[in-house]
Amino acid sequence: MGAVIKTKKTQTVLMGTLGILVFLAVWQIAVLVTRFGTIFPTPFEVLSGMAKAVVEPIGKTTLLGHVGISLSRVLVGYILSSIAGALVGLVMGASKLGKAVLNPIFNIIKPIPGIAWIPLAILWFGTGNTTIYFIIFVGGFAQMVMNTMAGAENVSQELIGVARVLGLKKNRIFLTIVLPSCVPYIFSGLQVSLSTSWMAVLAAEMITATSGCGWLILSGMQSGNMVNNVMGMISIGIVGLVLASFMRIMERRLCSWKERGQ
Amino acid sequence: MKEKREKQKYRIISVISLAAFILIWELLTDVLHLLPEKKLPSPATIIETFLYKLTNTNPDGSVLGIHILTSLKESILGFCIGVGLGVPLGICMAWFEKFDMFFKPLFDLIKPIPPVGWVPVMLMAFGLGIMSKVTVIVIAAIVPAIINSYSGIKQMNPVHKWVAQTFGASNGQILRTIAIPTAGPMIFAGIRVSLNASWVTLVAAELVASTKGLGYMIQMGRMVGRIDLVFMGVLVIGGFGALFSALLGMAEKKIVKGGR
Numbered sequence: 001m002g003a004v005i006k007t008k009k010t011q012t013v014l015m016g017t018l019g020i021l022v023f024l025a026v027w028q029i030a031v032l033v034t035r036f037g038t039i040f041p042t043p044f045e046v047l048s049g050m051a052k053a054v055v056e057p058i059g060k061t062t063l064l065g066h067v068g069i070s071l072s073r074v075l076v077g078y079i080l081s082s083i084a085g086a087l088v089g090l091v092m093g094a095s096k097l098g099k100a101v102l103n104p105i106f107n108i109i110k111p112i113p114g115i116a117w118i119p120l121a122i123l124w125f126g127t128g129n130t131t132i133y134f135i136i137f138v139g140g141f142a143q144m145v146m147n148t149m150a151g152a153e154n155v156s157q158e159l160i161g162v163a164r165v166l167g168l169k170k171n172r173i174f175l176t177i178v179l180p181s182c183v184p185y186i187f188s189g190l191q192v193s194l195s196t197s198w199m200a201v202l203a204a205e206m207i208t209a210t211s212g213c214g215w216l217i218l219s220g221m222q223s224g225n226m227v228n229n230v231m232g233m234i235s236i237g238i239v240g241l242v243l244a245s246f247m248r249i250m251e252r253r254l255c256s257w258k259e260r261g262q
Numbered sequence: 001m002k003e004k005r006e007k008q009k010y011r012i013i014s015v016i017s018l019a020a021f022i023l024i025w026e027l028l029t030d031v032l033h034l035l036p037e038k039k040l041p042s043p044a045t046i047i048e049t050f051l052y053k054l055t056n057t058n059p060d061g062s063v064l065g066i067h068i069l070t071s072l073k074e075s076i077l078g079f080c081i082g083v084g085l086g087v088p089l090g091i092c093m094a095w096f097e098k099f100d101m102f103f104k105p106l107f108d109l110i111k112p113i114p115p116v117g118w119v120p121v122m123l124m125a126f127g128l129g130i131m132s133k134v135t136v137i138v139i140a141a142i143v144p145a146i147i148n149s150y151s152g153i154k155q156m157n158p159v160h161k162w163v164a165q166t167f168g169a170s171n172g173q174i175l176r177t178i179a180i181p182t183a184g185p186m187i188f189a190g191i192r193v194s195l196n197a198s199w200v201t202l203v204a205a206e207l208v209a210s211t212k213g214l215g216y217m218i219q220m221g222r223m224v225g226r227i228d229l230v231f232m233g234v235l236v237i238g239g240f241g242a243l244f245s246a247l248l249g250m251a252e253k254k255i256v257k258g259g260r
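Residue numbers (UniProt numbering), protein chains in the order written: chain A, 1 to 262; chain B, 1 to 260.
Set out below in structure tokens:
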């Protein structure tokens, strides 16, 4: 049995490496043979470019610096939108009156993609960091509201009934029953909105910034330096992966009861 | 009876709230002039701009209808290709082990790159035309389609498979009659995410570089400082987003058996 599992594992690794190698080979051949090569770098050029960019600055700062700038922007917008979104979601989910008042206005804002706010934000706040924070804020806000609201609406009515019979006050019910049962929903909202935030920062940086990963990609295109461009994409992919895995680990820690239940 | 009356009460509150929202907005802008017209156009101005833009090409060279058509064409084309490729690919990855081993690591590498990141690459490769947008949207739509069809198939109850095998069903029959219908609701959830991603990505792609489309219209509106035009464009984009998800919800109810 052990041997079977082992050969399967080696097979998985082998096939996976083969897949990536085929991809790299197709990339290399496409660059060397087709018209694609006049604009696009080979994988090796990208790798050596990345190694160089870690020490040598591009524009204002090094590759790691750009990643750090993008991350710090995401962090500010993301934290603000998570707090605001969770609060609004709680109000809308826990109180019927709150939902009746806020829902029609929320329904207008909800389907507007965060990125579509970019031109408006530039007109409102100019081209500084405030605009980027705002874009990230609206990018994650709707997701957060919807998830928290679903959580507050799906609280077990029986639990609330029991608490009422036992004479618990309304605010105690909210704190000890409604809030804890929202936590898993809030967490799935946090996960979705983190990946939307990461996408929003890219788009915002492409259009209005002079630093960060999004700027790296766009300026690479504008100056015809595609190595920078591909480098920017790879670092974005890696950071996105790290962020998503981090959130999954956090969820496992903080909502262990939900995870086990699934 | 009481419940019905309560529902009606809240509906009335909703209507009043929306009306109050628009009224306060109008009061702050057109009537009291508390907020500058340059920062926040009044609802009346936005409607005026909308009507004006239906027949006029100022300031970006196309009437509203052309922008909408261009955006719809690009996003629907990209969405259809992306879903058409992604769903079968996800099913194959979940069904054929070798296929999975080969594609999974590659897919895991590409998955976390936001589709917006591909815009400059595709612009370099295909230029300003429709192709660059469509390819980016294909990438945006294909990822959720693959993920959801993959996990939908993997969710299949093994007992169902064993029963089918015992009764002599072939691999293909099991896939067609058990696995795919089981995955139906998941696949549809994926398509819904794909559609949303297509629309978002389209707007982003048009903002960065294009010559027509809703994203281009609001970008031009910003450049010439016409905030009413930007506002109107943003609302139209949101309106179509809502329309898409409503249509898809209806299709889902018709096609998917069981599920939610």
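The beta-carbon is built from N, C-alpha and C at its ideal position, and this holds for glycine as well.
- Within chain A, 206, 217, 218, 220, 221, 229 have C-beta atoms less than 8 Å from the C-beta of residue 120 of chain B, given in sequence order.
- Residues of the segment 232–254 of chain B with a Cβ closer than 9 Å to any Cβ of chain A, in chain order: 233, 234, 235, 237, 238, 239, 240, 241, 242, 243, 244, 245.
- Residue 16 of chain A reaches chain B at 101, 104, 105, counting residues in chain order whose Cβ is nearer than 7 Å.
- The segment 111–126 of chain A and the segment 58–76 of chain A do not touch, with fewer than three beta-carbon pairs separated by less than 8 Å.
- Looking at the DSSP output, residue 83 of chain A sits in no beta bridge, so it has no partner there.
- Assigned with DSSP and collapsed to three states, residue 61 of chain A falls in strand.
- Under a criterion of Cβ atoms nearer than 8 Å, the residues of chain A adjacent to residue 39 of chain B are, in order, 123, 124.
- In the DSSP assignment, residue 189 of chain B falls within the alpha helix (DSSP H) that extends over 180–208.
- If you look at residue 163 of chain B, you'll find it in the alpha helix (DSSP H) that goes 158–166.
- In the structure shown, residue 222 of chain B falls within a helical segment according to DSSP collapsed to helix, strand and coil.
- Here residue 108 of chain B is exposed, its C-beta having fewer than 16 other C-beta atoms within 10 Å.
- Using a Cβ-Cβ cut-off of 7 Å, residue 212 of chain B is close to nothing in chain A; its nearest Cβ partner there is about 16 Å away.
- If only uninterrupted alpha helix (DSSP H) runs of at least 4 residues are considered, those enclosed by the segment 56–115 of chain B are 64–95, 97–110.
- Here the segment 134–146 of chain A lies against the segment 72–92 of chain A, with 3 or more beta-carbon pairs under 8 Å apart.
- Under the three-state reduction of DSSP output, residue 112 of chain A falls in the coil class, being neither helix nor strand.
- For the pair residue 103 of chain A and residue 245 of chain B, the CB atoms are not nearer than the 8 Å cut-off.
- When Cβ-Cβ separations below 8 Å define contact, residue 96 of chain A makes contact with chain B.
- Taken in chain order, the members of the segment 185–209 of chain A whose beta-carbon sits within less than 7 Å of a beta-carbon on chain B are 198, 199, 202, 203, 206, 207.
- Counting other Cβ atoms within 10 Å of its Cβ, residue 179 of chain B reaches 16 or more and is therefore classed as buried.
- Put simply, the segment 203–214 of chain B touches the segment 128–140 of chain B. At least three CB pairs are less than 8 Å apart.
- Residue 120 of chain B is a Cβ neighbour of residue 218 of chain A, given a cutoff of 8 Å.
- Shortest Cα-Cα distance from residue 66 of chain A to any of A:166, A:89, A:53 involves A:53.
- Taking the Cα of residue 100 of chain B as reference, the smallest distance to any Cα among A:93, A:199, A:17 is reached at A:17.
- With at least 16 other beta carbons inside 10 angstroms of its own, residue 73 of chain A counts as buried.
- Taking a C-beta distance under 8 Å as the contact criterion, residue 141 of chain B and residue 90 of chain B do not qualify as a contact pair.
- No Cβ of chain B is located within less than 8 Å of the beta carbon of residue 140 of chain A.
- For the pair residue 232 of chain B and residue 25 of chain B, the Cα-to-Cα distance works out to about 15 Å.
- DSSP, read as helix, strand or coil, puts residue 132 of chain A in helix.
- Taken through DSSP and simplified to helix, strand or coil, residue 222 of chain A comes out as helix.
- Where residue 27 of chain B is concerned, there is no enclosing alpha helix (DSSP H), because DSSP gives it neither an H nor an E.
- With respect to residue 240 of chain A, residue 113 of chain B sits close: the two C-beta atoms are nearer than 8 Å.
- Here the segment 184–198 of chain B makes contact with the segment 141–155 of chain B; the two share three or more CB pairs at distances below 8 Å.
- Taking 8 Å as the cut-off, the Cβ atoms of residue 82 of chain B and residue 112 of chain A do not count as close.
- Chain-order list of chain B residues neighbouring residue 39 of chain A: 124, 125, by C-beta distance under 8 Å.
- Two segments are said to touch when three or more pairs of C-beta atoms, one from each, lie closer than 8 Å; by this definition the segment 42–51 of chain B touches the segment 217–237 of chain B.
- When CB distances to chain A are screened at a threshold of 7 Å, the residues of the segment 192–223 of chain B falling below it are 199, 200, 203, 204, 207, 208, 218, 219, 221, 222, in chain order.
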